[in-house]
Amino acid sequence: MHPALSVILFTVLSGAGYGLFSLVTLLHLTGLYPAPGPTELMTQLGLALALITFGLFSSTLHLHNPKNAWRAVMRVRTSWLSREAVCALSFYPFALIYLWQIPRAGVEVGPLMVVVGGMALFLALLTVFTTGMIYASLKTIRQWNTALTPANYLLLGLALGATALAAVHAGFGGRSEGLVLLALGLVLLAGVMKGLYYLWIREVTGPSLNTATGFTQARVRLLDQGHTAGTFLTREFGFDPGARRIFRVRLGVFGFGFLLPLLLMGMVLAGGSSLWLALALVSALAGIGLERWLFFAEARHGVMLYHGQRT
Amino acid sequence: MRLGLVIDLDTCVGCHACAVACKQWNTSGTTGPLTDESPYGAAPSGVWFNRVRHYEVGDYPHTKTVNMPLSCMHCDDAACVTVCPTGASYKRGEDGIVLVDQDKCMGCSLCAWACPYGARELDPRDGVMKKCTLCIDRIYDDALAPEDRQPACVITCPAHARHFGDFDDPDSAVSRLSRERGGRKLMPELGYEPTNTYLPPRSAPAVPTADVRRGSLMSSVKDWVNKAIAR
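Residue numbers (this note's numbering), protein chains in the order written: chain A, 1 to 311; chain B, 1001 to 1231.
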């Protein structure tokens, strides 16, 4: 699949934003947020909303007819993309009321904040889940058509959110082992889940050129694809980085996305400077950016069987 | 009604006439134009509703070339319609034709991602998804003679490899053909229940050579002379 920059930016940044928003809300509502100040909470939630909004704006850049984008809420009954749009839009009022309440009510949690925050938390996680389901629901792409896809999207969003949460907290001079431990645990869990995903997609399943042509009792080879230049189909689905490049990018995913952030957070826990958390966040964002590029680049669409691509 | 095509892989000669006729009719049809990119350049590209690909089936010496025209299968359970967030993609209840409402499409390409047959192509100039309409602007046109109320690809096929009709009618030509010739659906394991059906090549018996008489001495000499003397 062609890895479109707009979709990579959207899924990584808004995933991180929803992860950050839901974790901050959860910790705040349960009273587990270490020494919360209104400015710090506002900064955390504001950063989350900025990431989400930038991501959503970026997602509209891959539409070829954006003037009809408002119609994307019309098919909630069947389409996961429609469900995502509805969840993303209905998240905003709750998130904004929550944000608005913090300078008024201070850090005290009132009943309105519990309701509004709870809804925002639920819708944030639901939005990330629906994003994952857009890909997981496509039977044409075997690498995506698995429950591991939404699980990965949720965990990677939460891991990025937790890393950002710890980094911003450190930026306000806070030094909380609990937040760093939370980030460390989520990054580790997300890394293990991504490893499982990479193991899972090694197994070749789904259609072959035999079932695609109906000739199931003999070998079938492509003689001629019938056109001399590229088409919409080959441009959209024919992207193939090659096994060596996939391997190199995977090293980058694990190195920048999981190992380096874990190492840096370990250093902070061992008494190192909290500034390393900022580097951990930058590294994690770069690594998960590579992960998202690879998520698209290594996916094989069934229609490419007709063009002679195997598996 | 469940309208669709039967494509006979035994008689298809791979001439691409169906693809060209489709392009010609539909570029000025209801979902036209089928925009071309650099049509006279080094890498001409553009929107097509019907593409023909060529395959070799079997291993030498038992091989066969199979020409495979692929267009929208007008699936019973069309995933492209399921995933469409705007409602632009829809399947007509009365005849099962899958269409795109160009006024509602936002050009997100998700329907093309959901289609395993490559039936949908985005028009980069119009920014909307385009696809086979089963020539809906031909088959219901009362101004045309009844024999002309068929998709352009079917009418033009010089090998009569394409047939159009109602699969819900057990006595229609398409139903009988797919029943009698063992018609196949493509990628049935995905469960999209495609309507279009492909007829496998007939297995022709080998031509017997035992009764072929050897030539006379005179004809052998003539053959040798013809080969030996350069013109």
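Idealized CB from N, CA, C, for every residue including glycine.
Since the model is a prediction, treat every value here as computed from it, not as a measurement.
| Item | Value |
| --- | --- |
| With distance defined between alpha-carbon atoms, name the residue in A:Leu154, A:Pro3, A:His169 nearest to Leu41 (chain A). | A:His169 |
| Alpha carbon to alpha carbon, what distance is there between Met119 (chain A) and Thr234 (chain A)? | 42 angstroms |
| What residue does the beta strand (DSSP E) around Lys1222 (chain B) start on, and which one ends it? | From DSSP, Lys1222 (chain B) is part of no beta strand (DSSP E) but of the alpha helix (DSSP H) over 1217-1228. |
| Between the Cα of Gly1058 (chain B) and the Cα atoms of A:Leu223, A:Ala183, A:Met113, which residue gives the shortest distance? | A:Leu223 |
| Tell me, please, whether the CB atom of Thr1086 (chain B) is closer than 8 angstroms to any CB atom in chain A? | yes |
| Pull up the distance between the alpha-carbon of Glu291 (chain A) and that of Cys1072 (chain B), whole angstroms please. | 34 angstroms |
| To the nearest angstrom, report how far apart Ala278 (chain A) and Ala124 (chain A) are at their CA atoms. | 24 angstroms |
| Give, in chain order, every residue of the stretch 63-85 of chain A whose Cβ lies closer than 9 angstroms to some Cβ of chain B. | Leu63, His64, Asn65, Pro66, Lys67, Asn68, Ala69, Trp70, Arg71, Ala72, Val73, Met74, Arg75, Val76, Thr78, Ser79, Trp80, Leu81, Ser82, Arg83, Glu84, Ala85 |
| As a quick exercise: from A:Leu138, A:Tyr92, A:Tyr135, pick the residue whose alpha carbon is nearest that of Gly117 (chain A). | A:Tyr92 |
| Could you check the C-alpha separation between Gly19 (chain A) and Arg1002 (chain B) for me, to the nearest Å? | 47 angstroms |
| Closest to Tyr1055 (chain B) by CA distance: which of B:Lys1064, B:Trp1048, B:Phe1049 is it? | B:Lys1064 |
| Could you tell me whether the Cβ of Phe232 (chain A) comes closer than 8 angstroms to any Cβ of chain B? | yes |
| Quick one: which residues of the stretch 198-215 of chain A get their C-beta closer than 8 angstroms to a C-beta of chain B? List them in chain order. | Gly206, Pro207, Leu209, Thr211, Ala212, Thr213, Gly214, Phe215 |
| Terminal residues of the continuous beta strand (DSSP E) containing Tyr1055 (chain B)? | 1051-1057 |
| Find the nearest neighbour of Trp70 (chain A) within the set A:Arg77, A:Gly55, A:Ser58, A:Val86, judged by alpha-carbon distance. | A:Val86 |
| Within 10 angstroms of its Cβ, does Asp1123 (chain B) collect 16 or more other Cβ (buried), or is it exposed? | buried |
| Considering only their Cβ atoms, is the gap separating Pro1069 (chain B) from Ile1139 (chain B) smaller than 8 angstroms? | no |
| Quick check on Trp100 (chain A): buried or exposed, where buried means 16 or more other Cβ atoms within 10 Å of its Cβ? | exposed |
| What's the gap between the Cα of Leu47 (chain A) and the Cα of Gly17 (chain A)? | 7 angstroms |
| Going by C-alpha to C-alpha distance, which of B:Asn1026, B:Cys1132, B:Tyr1060 sits closest to Ala1119 (chain B)? | B:Cys1132 |
| How do the stretch 160-168 of chain A and the stretch 20-31 of chain A stand: do at least 3 beta-carbon pairs fall below 8 angstroms, yes or no? | yes |
| In three-state terms, what does DSSP make of Ile201 (chain A)? | coil |
| Among B:Leu1199, B:Asp1148, B:Met1129, which has the Cα closest to the Cα of His64 (chain A)? | B:Met1129 |
| My assumption, with CB atoms under 8 angstroms, is that Phe237 (chain A) sits in contact with His301 (chain A). Please give the rounded CB distance. | 4 angstroms |
| Quick check: the Cα distance between Glu177 (chain A) and Ala183 (chain A), rounded to an integer number of angstroms? | 10 angstroms |
| Any residues in the stretch 1187-1199 of chain B with a beta carbon nearer than 9 angstroms to a beta carbon of chain A? Which ones, in chain order? | Met1187, Pro1188, Glu1189, Leu1190, Gly1191, Tyr1192, Tyr1198 |
| Quick one: Cα of Arg1051 (chain B) to Cα of Ser82 (chain A), how far? | 31 angstroms |
| So what does DSSP say about His227 (chain A), is it helix, strand or coil? | coil |
| In this structure, how does DSSP classify Leu1099 (chain B) when only helix, strand and coil are distinguished? | strand |
| Looking only at its chain, what residues have a beta carbon closer than 6 angstroms to the beta carbon of Arg1202 (chain B), apart from the 5 residues adjacent to it on each side? | Asp1010 |
| Give me whichever residues DSSP pairs with Met1068 (chain B) in a beta bridge. | B:Arg1053 |
| Give me the Cα-Cα distance between Val1020 (chain B) and Thr1195 (chain B), rounded to the nearest whole angstrom. | 22 angstroms |
| Candidates A:Phe232, A:Gly257, A:Thr211: which alpha carbon is nearest Arg192 (chain A)'s? | According to the sequence as given, residue 192 (chain A) is Val; it is not Arg. Closest option to Val192 (chain A), Cα to Cα, is A:Gly257. |
| For my contact list, Cys1012 (chain B) and Ala1152 (chain B) are in at a C-beta cut-off of 8 angstroms; report their separation, rounded to the angstrom. | With a Cβ gap of about 16 angstroms, Cys1012 (chain B) and Ala1152 (chain B) do not count as contacting. |
| My assumption, with CB atoms under 8 angstroms, is that Val1081 (chain B) sits in contact with Leu1110 (chain B). Please give the rounded CB distance. | Rounded, the Cβ-Cβ distance is 11 angstroms, inconsistent with contact. |
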